[in-house]
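Undergrad: In UniProt numbering, the protein residues as written are 1 to 479.
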Amino acid sequence: MNEEGFLYERISRRLLEQIGAGSYAVGQKLPSVRHLSRLFQVSVNTVMQSYRQLEAEGYLEIRPQSGAYVRHCDVHDVPEPDGSRYPLLPVEVSLSEEVLHYMELHVMPHQVRLGIALPGVEVMPVERVTQTIREVARHYPQETWDYMHPHGFPQFTHHLARRSLSYDVPVVPDDIIVTGGAMEGLSLALRSVSRPGDAVAVESPTYYGTLLLLKTHQRRVVEIPTHPRHGISLSALERVFAERGVSACIVSANAQNPLGFTMSLERKQALSALARRYQIPLIENDVWGDTVYEEGALPVKAFDDDGWVLYCNSFSKTLMPGLRIGWAAPGRFQRRFLELKQLSTITSTSLSQIVMGRLLESGFYAQHIRDLRGTLQRQVEATAREVRAAFPPGTRLTRPTGGCVLWVRLPGRVNAVALFEKAAREGIHVFPGGVFSLDNKHSDYLRLNAGGPVTGAVVEALRWLGRATSELAGGCVME
1 MNEEGFLYER
11 ISRRLLEQIG
21 AGSYAVGQKL
31 PSVRHLSRLF
41 QVSVNTVMQS
51 YRQLEAEGYL
61 EIRPQSGAYV
71 RHCDVHDVPE
81 PDGSRYPLLP
91 VEVSLSEEVL
101 HYMELHVMPH
111 QVRLGIALPG
121 VEVMPVERVT
131 QTIREVARHY
141 PQETWDYMHP
151 HGFPQFTHHL
161 ARRSLSYDVP
171 VVPDDIIVTG
181 GAMEGLSLAL
191 RSVSRPGDAV
201 AVESPTYYGT
211 LLLLKTHQRR
221 VVEIPTHPRH
231 GISLSALERV
241 FAERGVSACI
251 VSANAQNPLG
261 FTMSLERKQA
271 LSALARRYQI
281 PLIENDVWGD
291 TVYEEGALPV
301 KAFDDDGWVL
311 YCNSFSKTLM
321 PGLRIGWAAP
331 GRFQRRFLEL
341 KQLSTITSTS
351 LSQIVMGRLL
361 ESGFYAQHIR
371 DLRGTLQRQV
381 EATAREVRAA
391 FPPGTRLTRP
401 TGGCVLWVRL
411 PGRVNAVALF
421 EKAAREGIHV
431 FPGGVFSLDN
441 KHSDYLRLNA
451 GGPVTGAVVE
461 ALRWLGRATS
471 ELAGGCVME
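#1: Taking all protein chains shown into account, decide if residue 483 is buried (16 or more other Cβ within 10 angstroms of its Cβ) or exposed.
#2: Could you give the DSSP three-state label for M478: helix, strand or coil?
#3: Would you be able to state if there are at least three C-beta pairs under 8 Å between the segment 32-49 and the segment 425-439?
#4: To which residues of the same chain is N254 closer than 7 Å at the C-beta, ignoring the five residues directly before and after it?
#5: With DSSP as the reference, label S204 as helix, strand or coil.
#6: Run through the segment 404-449 for me and flag every whole beta strand (DSSP E) of 3 or more residues, listed as ranges in chain order.
#7: Could you check which residue in V200, I354, Q142 and K301 has the C-alpha nearest to that of D168?
#8: Determine the burial state of G115: buried for a count of at least 16 other Cβ atoms within 10 Å of its Cβ, exposed for fewer.
#9: Following the continuous beta strand (DSSP E) through H227, name the residue where it begins and the one where it ends.
#10: Here's a check: name, in chain order, each residue in its chain whose Cβ is nearer than 6 Å to the Cβ of E55, leaving out the five neighbours to either side.
#11: By the 10 Å Cβ neighbour count, where 16 or more other Cβ atoms means buried, how is K341 classified, buried or exposed?
#12: Is the Cβ-Cβ distance between G120 and S316 less than 8 Å?
#13: For residue 546, count neighbouring C-beta atoms within 10 Å of its own C-beta (all shown protein chains included) and say buried if the count is 16 or more, exposed if not.
#14: Do the CB positions of A328 and L211 come within less than 8 Å of each other?
#15: Roughly how many angstroms separate the alpha carbons of G83 and S272, rounded to a whole number?
#16: Is V70 closer than 8 Å to Q28 when the C-beta atoms are compared?
#17: Counting contacts by CB-CB distance shorter than 8 Å, is L211 in contact with chain B?
#18: Label E295 either buried or exposed according to how many other C-beta atoms from any shown protein chain fall within 10 Å of its C-beta, with 16 as the threshold for buried.
#19: Please state if the CB of V414 and the CB of Y208 are separated by a distance shorter than 8 Å.
#20: Quick check on this structure: which residue in E184, P64, S50 and A137 has the alpha carbon closest to the alpha carbon of L343?
#21: Would you list the residues sitting across from E61 in a DSSP beta bridge?
#22: How many Å lie between C249 and Y278 at the Cα?
#23: Classify H368: buried if its beta carbon has 16 or more other beta carbons within 10 angstroms, exposed otherwise.
#24: Applying the 10 Å Cβ sphere with the 16-neighbour rule, what's the burial state of E421?
#25: Can you tell me whether P64 is buried or exposed? The criterion is at least 16 other CB atoms within 10 Å of its CB, across all chains shown.
#26: If you draw a straight line from the alpha carbon of G363 to that of V171, how long is it in whole angstroms?
#27: Do E223 and S204 have their CB atoms nearer than 8 Å?
#28: Is the distance from the Cβ of A390 to the Cβ of G466 below 8 Å?
#29: Rounded to whole angstroms, how far is the Cβ of L190 from the Cβ of I283, which I believe are closer than 8 Å?
#30: Taking the DSSP output, what are the residues bridged to A199?
#31: Residues in the same chain with beta-carbon distance under 6 Å from V47, minus the five sequence neighbours each way, listed in chain order, please.
#32: Among the residues of its own chain, which have a CB less than 6 Å from the CB of E80, if the five just before and after it don't count?
#33: What number of angstroms, rounded off, separates the C-alpha of A161 from the C-alpha of I325?
#34: Within 10 angstroms of its Cβ, does L165 collect 16 or more other Cβ (buried), or is it exposed?
#35: Which residue comes first and which comes last in the beta strand (DSSP E) that contains G326?
#36: Going along the chain, which residues of its own chain have a beta-carbon closer than 6 Å to the beta-carbon of G394, five neighbours each way excluded?
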């Protein structure tokens, strides 16, 4: 590419960064061609080339005799973050009280539950699961009463291992350790590879539970910029790895919470290769992996040929949170992981393991998850349509590839905590975005759960949130 080509690409990228950061809202006029020509010290034709490119890609609308205006674009259409521009320094975590405050409303009756990320009970096979629990308790009374081996119930772990047949290095039953949900697995993994005071790399934004886990275990955090479509910035992560700035990294490559992206196979391979090259453990939280809308999404663990990935998963999001059953494949750290498991909870619930073994063996879970993917995708798309219709101009949201949450950027720099407090008084539970990163980086974001059917109550709640957002914005957003 010649020098002029590089210049117009640089201008395009800079404009997209500004649009992505909210400096220019939907419908707002961009600087004139002559102004940008003077600002960047380039020709008018170079700026026009940049504007035409952005118009062709759908970001701008060029109006004759008027200028260039920002068109609607989703959050995930912003350019990938350049890791070299971000300070990647370890910091302390202090979010516990905030998160607990935001979670309290979920258990209160008569709430419209748009806060906690969880598929609605309406879309779950409650009767089939409870029937299986009754059958297991009747036919396996001694096994459900007694302790289970830490490696788990064979029928359960064998079926888990078979799910990895397409991996470069498949998991075998002896690689698996059963846990009390994914959070126990993440905790054991973190303790297996790091010590108090160590720094750990995370996505930004990331699941608030990850930040709470790091605080509880007295680890510091290095936030890595993360793109809403491509995932964690590999260049920024490699920079931190090369400087030996962290002891481990925690990531979600499939249907990440809250952004909803699924990393490409190439980027998953590259992520595994980074962990291997720099010998830094990668803790993978794949709790939403089974909900990726396109069947067959592989985890980073699928490309782990040297054991540096500690894989953690559970059935809490895809079947029944009350079963409290998860599993881990900790790779080369298995011995230490198993020691910590035995010192903490010894083993995991026998009843849950036998129940899941039956559901996996019968083929029921495989069919359920195929149905659930389609249901969640339809519910997310329907919720997104209602948000676009109800919220004021300038609101932007992700297009998830799995899971059941929408990451919504509020217009006019509306403070999501203020919206949370107003909504709580109306019986609507939402989750402010500030707790998904440190230093309140995402204070104008909202995470909305779309795990349940879009009922009349949900539609009315979204319309109320839209009106409240307009009031908080003070009329400063533009059409």
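All residues carry an ideal CB built from backbone N, CA and C; glycine is no exception. Here the structure is a predicted model, which means the values were calculated and not measured.
TA: Based on what the coordinates show:
#1: Lying outside 1 to 479, the shown extent of the chain, residue 483 is not represented and no answer is given.
#2: On the sequence shown, residue 478 is found 478 positions in, with the first residue counted as 1. With a pLDDT of 33 at M478, under the threshold of 50, the predicted position of this residue should be treated as unreliable, though the coordinate-derived value follows. Residue state, collapsed to three classes: coil.
#3: no
#4: Reading the sequence shown from its first residue, position 254 is the one you call residue 254. Same-chain partners within the cutoff: T262, D286, W288, G289, V292, A297, P299 and G402.
#5: Against the sequence shown, residue 204 aligns to sequence position 204. It is a strand residue.
#6: 405-409 and 445-449
#7: As a working mapping, residue 168 is identified with position 168 in the sequence shown. Comparing Cα positions, the closest option is K301.
#8: For the purposes of this step, residue 115 is taken as the residue at position 115 of the sequence shown. The residue in question, G115, is buried, as its Cβ has 16 or more Cβ neighbours within 10 Å.
#9: The residue labelled residue 227 in the question sits at position 227 within the sequence shown. Counting along the chain, the beta strand (DSSP E) containing H227 begins and ends at R220 to H227.
#10: Within the sequence shown, the letter at position 55 stands for residue 55. Closer than 6 Å at Cβ, skipping near neighbours: I62.
#11: As a working mapping, residue 341 is identified with position 341 in the sequence shown. Looking at its Cβ environment, which holds 16 or more other Cβ atoms inside 10 Å, K341 is buried.
#12: Counted from its first residue, the sequence shown places residue 120 at position 120. Counted from its first residue, the sequence shown places residue 316 at position 316. Contact flag unset, no.
#13: The structure shown does not extend to residue 546, since the chain is modelled only from 1 to 479, so the question has no answer here.
#14: Numbered from its first residue, the sequence shown carries residue 328 at position 328. Numbered from its first residue, the sequence shown carries residue 211 at position 211. It is not a contact, given that the beta carbons lie outside the stated cut-off.
#15: Position 83 of the sequence shown holds residue 83. Position 272 of the sequence shown holds residue 272. Its pLDDT being 49, under 50, G83 is placed unreliably in this model, and the coordinates cannot settle the point.
#16: Here residue 28 refers to the residue found at position 28 of the sequence shown. Here residue 70 refers to the residue found at position 70 of the sequence shown. Yes, the Cβ-Cβ distance between Q28 and V70 is below 8 Å.
#17: Annotation note: the requested chain B is absent from the structure, which comprises a single protein chain.
#18: Stepping through the sequence shown from its first residue, residue 295 is reached at position 295. With fewer than 16 other Cβ atoms within 10 Å, it is exposed.
#19: To locate residue 208, count along the sequence shown from 1; it is residue 208. To locate residue 414, count along the sequence shown from 1; it is residue 414. No; because the gap between Cβ atoms is not below 8 Å, this pair is not in contact.
#20: Walking along the sequence shown from the start, residue 343 turns up at place 343. For L343, the nearest C-alpha among the options comes from E184.
#21: As a working mapping, residue 61 is identified with position 61 in the sequence shown. DSSP, once it has assigned bridges, lists Y69 as partnering E61.
#22: Numbered from 1 along the sequence shown, position 249 holds the residue referred to as residue 249. Numbered from 1 along the sequence shown, position 278 holds the residue referred to as residue 278. Taking the straight line from one Cα to the other gives about 12 Å.
#23: What you label residue 368 is simply residue 368 of the sequence shown in a count that begins at 1. Result: buried.
#24: As a position in the sequence shown, residue 421 is number 421, starting the count at 1. Looking at its Cβ environment, which holds fewer than 16 other Cβ atoms inside 10 Å, E421 is exposed.
#25: Indexing the sequence shown from 1 puts residue 64 at position 64. Burial call: exposed.
#26: By 1-based counting over the sequence shown, the position of residue 363 is 363. By 1-based counting over the sequence shown, the position of residue 171 is 171. If you take the alpha carbons of G363 and V171, they lie about 20 Å apart.
#27: Walking along the sequence shown from the start, residue 223 turns up at place 223. Walking along the sequence shown from the start, residue 204 turns up at place 204. Cβ atoms of E223 and S204: closer than 8 Å.
#28: The residue given as residue 390 occupies position 390 in the sequence shown. The residue given as residue 466 occupies position 466 in the sequence shown. It is a contact, given that the beta carbons lie within the stated cut-off.
#29: As a working note, residue 190 is residue 190 in the sequence shown. As a working note, residue 283 is residue 283 in the sequence shown. Correct: roughly 6 Å between the Cβ atoms.
#30: Looking up residue 199 in the sequence shown gives position 199. Bridge partners of A199: R220.
#31: Residue mapping note: residue 47 aligns to position 47 of the sequence shown, counting from 1. Hits under 6 Å: V33, L36 and S37.
#32: What you label residue 80 is simply residue 80 of the sequence shown in a count that begins at 1. In this prediction, E80 has a pLDDT of 49, which is less than 50 and means its spatial position is unreliable; what the coordinates show is noted afterwards. The residues are H227 and H230.
#33: As a working note, residue 161 is residue 161 in the sequence shown. As a working note, residue 325 is residue 325 in the sequence shown. Between A161 and I325, the C-alpha separation is close to 16 Å.
#34: Within the sequence shown, the letter at position 165 stands for residue 165. With fewer than 16 Cβ atoms within 10 Å of its Cβ, L165 is classed as exposed.
#35: Reading the sequence shown from its first residue, position 326 is the one you call residue 326. Looking at the DSSP string, the run of the beta strand (DSSP E) that includes G326 is G326 to A329.
#36: As a working mapping, residue 394 is identified with position 394 in the sequence shown. Excluding sequence neighbours, G394 sits near A25, V26, P411 and V477.
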